[in-house]
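K.L.:
Under UniProt numbering, the first residue of the sequence shown is numbered 1, with each subsequent residue one higher.
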Amino acid sequence: MKAITIPTPGDPDALVLADVPDPEPGPGEVLVEVAAAGVNRADLQQRIGVYPPPPGAPEYPGLEVSGTIAAVGSGVTGWSVGDRVCALLAGGGYAEKVAVPAGQLLPVPSGISLVEAAALPEVVCTVWSNVFMTANLLPGQTLLVHGGSSGIGTMAIQLAREVGAHVAVTAGSAGKLEACQALGAEILVNYKEQDFVEELDRATAGHGADVILDNMGAKYLARNVQALATNGRLVIIGFQGGVKAELDLSVLMRKRGAVISTGLRARPLEEKAAIVAAVREHVWPLVEAGRVKPVVHRTFPLAQAPDAHRELDAGTHIGKVLLTV
Numbered sequence: 001m002k003a004i005t006i007p008t009p010g011d012p013d014a015l016v017l018a019d020v021p022d023p024e025p026g027p028g029e030v031l032v033e034v035a036a037a038g039v040n041r042a043d044l045q046q047r048i049g050v051y052p053p054p055p056g057a058p059e060y061p062g063l064e065v066s067g068t069i070a071a072v073g074s075g076v077t078g079w080s081v082g083d084r085v086c087a088l089l090a091g092g093g094y095a096e097k098v099a100v101p102a103g104q105l106l107p108v109p110s111g112i113s114l115v116e117a118a119a120l121p122e123v124v125c126t127v128w129s130n131v132f133m134t135a136n137l138l139p140g141q142t143l144l145v146h147g148g149s150s151g152i153g154t155m156a157i158q159l160a161r162e163v164g165a166h167v168a169v170t171a172g173s174a175g176k177l178e179a180c181q182a183l184g185a186e187i188l189v190n191y192k193e194q195d196f197v198e199e200l201d202r203a204t205a206g207h208g209a210d211v212i213l214d215n216m217g218a219k220y221l222a223r224n225v226q227a228l229a230t231n232g233r234l235v236i237i238g239f240q241g242g243v244k245a246e247l248d249l250s251v252l253m254r255k256r257g258a259v260i261s262t263g264l265r266a267r268p269l270e271e272k273a274a275i276v277a278a279v280r281e282h283v284w285p286l287v288e289a290g291r292v293k294p295v296v297h298r299t300f301p302l303a304q305a306p307d308a309h310r311e312l313d314a315g316t317h318i319g320k321v322l323l324t325v
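Listed below in C-alpha cells is the structure:
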C-alpha cells in the first residue's frame, strides 16, 4: 500500500509517499480501507522528530481516519466488512489502510460524509475526555478555550454550548473570532491585542473560568491560573508555548484550583475504548441530530501531505485539515 513515511525528520518535505507493507489486523482489530485522515499538530511534532509514536503503534503519522472495514480480526464482534467507520489511532492514518483496535471504532454518523467523518475522532475524544470526563464542565459554568478556531477549539465550543455552558475563546484574528462566535462562543478575545485574563474578568464580573482548555502550556501557565474561578480546573493538552514555567502556588491554593495535563495517544487500549464508548453515547446523538458538526477547513490528496502540513503550520485555518485517499 501507499503511506506517508518520514525517512528523515524535518520540514514538511520530510513527508514522503512510499510503498510499504500492508497491515494485517491482529486479534481484536479490524482493517480499515482509509478514505480520509485528519491532520493534527501531533503529526507536525512527529514530523520534526520530537513526538514519536508509542511502542507498537505504526510508524506513519496520522491519529484519526475514516473509511470502510476491509477485514475483521479474530475476536471482534459488532463490526462487519463494509461498515463505514471512523477511528481513533495511535498512528498510521496517513496511509491507504490501517489496522485499528475495535474499541477505537465509531460508526460514521448519519448526515456526515465519509470524508468529513475523519475530522471527528481525535478532536471529539480529546474534548470529551478532557473537558467533561476529567474537568467535569457543568451547565452554567464558563469554559475558556485557547485556540478557539482550531479543530479542537471548534468542537469544544459546540459541545460546551450543548451542555449549557458559557464559552470564552482566544484567537488571533477578527475572522477567527467571528467563526467562533457563529459556533456559540460568547466571550471573544483577540490574543494579539487583548489580555485574556482582563477580558475574562470583565466579561464574567470577576468570576473567571471554571474550566480552561489550554494548548499553549508554559507561556500561559501563570495567566491561566490567574484566570481560573474558585475551584477552577486548568487542563493542559499542548505545549505550543513551551514546557517549562514558574508558578506561584499560593495563587493556585487561594483559588483551590487544579492543574491537569493529559495526553490521549499513549493511553492504554482500555482507556481509549472507554473514551470512545462515552463519545458514542453522549456526542454521536448530537452529531446525528445536526447540532454538532465537524468544521473542515480544507482537504488535500494524500500525496500532498507536505502542503497540508504547511497549511497547519501557517495557522490560518479554521477547523480541520484533512488528507483524502
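We treat Cβ as the ideally placed atom computed from N, Cα and C, and that holds for glycine. These numbers come from a predicted model, not from an experiment.
Secondary structure at residue 97, three-state DSSP: helix, strand or coil?
P.N.:
Locating residue 97 in the sequence shown gives position 97, counting from the first residue. It is a strand residue.
K.L.:
Measure the CB-CB distance between residue 2 and residue 19 and report whether it falls below 8 Å.
P.N.:
For the purposes of this step, residue 2 is taken as residue 2 along the sequence shown, with counting starting at 1. For the purposes of this step, residue 19 is taken as residue 19 along the sequence shown, with counting starting at 1. Yes, these two residues count as a Cβ contact at 8 Å.
K.L.:
From the DSSP output, which residues share a beta bridge with residue 259?
P.N.:
The count along the sequence shown starts at 1 and reaches residue 259 at position 259. Answer by DSSP bridge pairing, in chain order: 234.
K.L.:
Is the beta carbon of residue 62 closer than 8 Å to that of residue 37?
P.N.:
Counting from 1 along the sequence shown, the entry for residue 37 is found at position 37. Counting from 1 along the sequence shown, the entry for residue 62 is found at position 62. Cβ distance < 8 Å, so residue 37 and residue 62 count as in contact.
K.L.:
Going straight from the alpha carbon of residue 258 to that of residue 220, what length do you get?
P.N.:
Taking the sequence shown and counting its residues from 1, one reaches residue 258 at position 258. Taking the sequence shown and counting its residues from 1, one reaches residue 220 at position 220. So the alpha carbons of these two residues sit roughly 15 Å apart.
K.L.:
Pick helix, strand or coil for residue 59, following the three-state DSSP scheme.
P.N.:
To locate residue 59, count along the sequence shown from 1; it is residue 59. If DSSP states are grouped into helix, strand and coil, residue 59 belongs with coil.
K.L.:
At the level of alpha carbons, what is the spacing between residue 33 and residue 227?
P.N.:
The residue given as residue 33 occupies position 33 in the sequence shown. The residue given as residue 227 occupies position 227 in the sequence shown. Rounded to the nearest angstrom, the two C-alpha atoms are 45 Å apart.
K.L.:
Enumerate in chain order the residues of its own chain whose CB-to-CB distance from residue 276 is below 7 Å, with the five nearest sequence positions on each side excluded.
P.N.:
Locating residue 276 in the sequence shown gives position 276, counting from the first residue. Excluding sequence neighbours, residue 276 sits near 88, 103, 104, 106 and 125.
K.L.:
Comparing C-alpha positions only, which one of 178, 115, 175 and 229 sits nearest to residue 203?
P.N.:
In the sequence shown, counting from the first residue as 1, residue 203 sits at position 203. Closest option to residue 203, Cα to Cα, is 229.
K.L.:
Can you tell me the Cα-Cα spacing of residue 319 and residue 295, whole angstroms?
P.N.:
Within the sequence shown, residue 319 is the residue found at index 319, counting from 1. Within the sequence shown, residue 295 is the residue found at index 295, counting from 1. Near 5 Å, if we compare the C-alpha coordinates of residue 295 and residue 319.
K.L.:
Starting from the Cα of residue 142, find the closest Cα among 313, 324, 206 and 268 and give me that residue.
P.N.:
As a first step, residue 142 must be located in the sequence shown, where it is residue number 142. When only C-alpha atoms are compared, the closest one is 206.
K.L.:
Under the DSSP definition of a beta bridge, which residues are partnered with residue 150?
P.N.:
Residue numbering aside, residue 150 sits at position 150 when the sequence shown is read from its first letter. Per DSSP, 319.
K.L.:
Is residue 293 helix, strand or coil when you go by DSSP?
P.N.:
Position 293 of the sequence shown holds residue 293. Three-state result, residue 293: coil.
K.L.:
Do residue 326 and residue 158 have their C-beta atoms within less than 8 Å of each other?
P.N.:
The requested residue 326 is not part of the displayed model; the chain covers only 1 to 325.
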